[in-house]
Amino acid sequence: MSKILLKGLMLVWVLAGWLPTHLAQAASGTPEARMTATVIEFSVRGDLHEQAGAIIADLMMSALANTGRFTLKDRLALSAAAKIAKEQELGSTGLLDPKTAAELGRRYGVDAIVTGAVNKLGDLITVTARLIDTRTASLLRSGQIQ
17 MSKILLKGLM
27 LVWVLAGWLP
37 THLAQAASGT
47 PEARMTATVI
57 EFSVRGDLHE
67 QAGAIIADLM
77 MSALANTGRF
87 TLKDRLALSA
97 AAKIAKEQEL
107 GSTGLLDPKT
117 AAELGRRYGV
127 DAIVTGAVNK
137 LGDLITVTAR
147 LIDTRTASLL
157 RSGQIQ
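The numbering of the sequence shown is this note's numbering, which starts it at 17 and goes up by one.
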């Protein structure tokens, strides 16, 4: 589990640094101008602890909060809604497509959503993350750490 946490921390630092400037341009640091975002629990695939996705999402949320550029909404209600959407619409893949993520984000009043997956295949562990613009359902960025 410590390997996953280390990889998750590295990805959090990378992702927090590459959030698109065109989304954060209004984020002057004042609460009124900050972009509103949230993180949805990451899906977990392979022989990993079932809480790995929640742990990575918590780390990502903390990293975003520490930038001071975002107003963050609690991820728990949105993560629960995302799980329901995954079960109803996406079957067993565990993935939340950009269109569904954008719909959830608009419903909960956020400008952007970060979601992703923690995967294990043999000895290889990867953490991937995606930043989705809720206005356009566009996948703005994606990052991966092995």
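Glycine included, C-beta positions come from ideal geometry on N, C-alpha and C.
- In terms of Cβ geometry, Ile-129 and Thr-144 do not form a close pair [threshold 8 Å].
- The alpha carbon of Ala-53 has as its nearest neighbour, out of Ser-78, Val-60, Asp-139, the alpha carbon of Ser-78.
- The alpha carbon of Phe-86 has as its nearest neighbour, out of Leu-140, Asp-63, Ala-133, Asp-127, the alpha carbon of Asp-127.
- A straight line joining the alpha-carbon of Asp-113 with that of Glu-119 spans about 10 Å.
- Listed in chain order, the non-local C-beta contacts of Ala-70 below 7 Å within the same chain comprise Glu-57, local neighbours out to five positions each way being set aside.
- In the structure shown, Arg-123 falls within a helical segment according to DSSP collapsed to helix, strand and coil.
- For Asp-74, the uninterrupted alpha helix (DSSP H) run begins and ends at 68-83, by DSSP.
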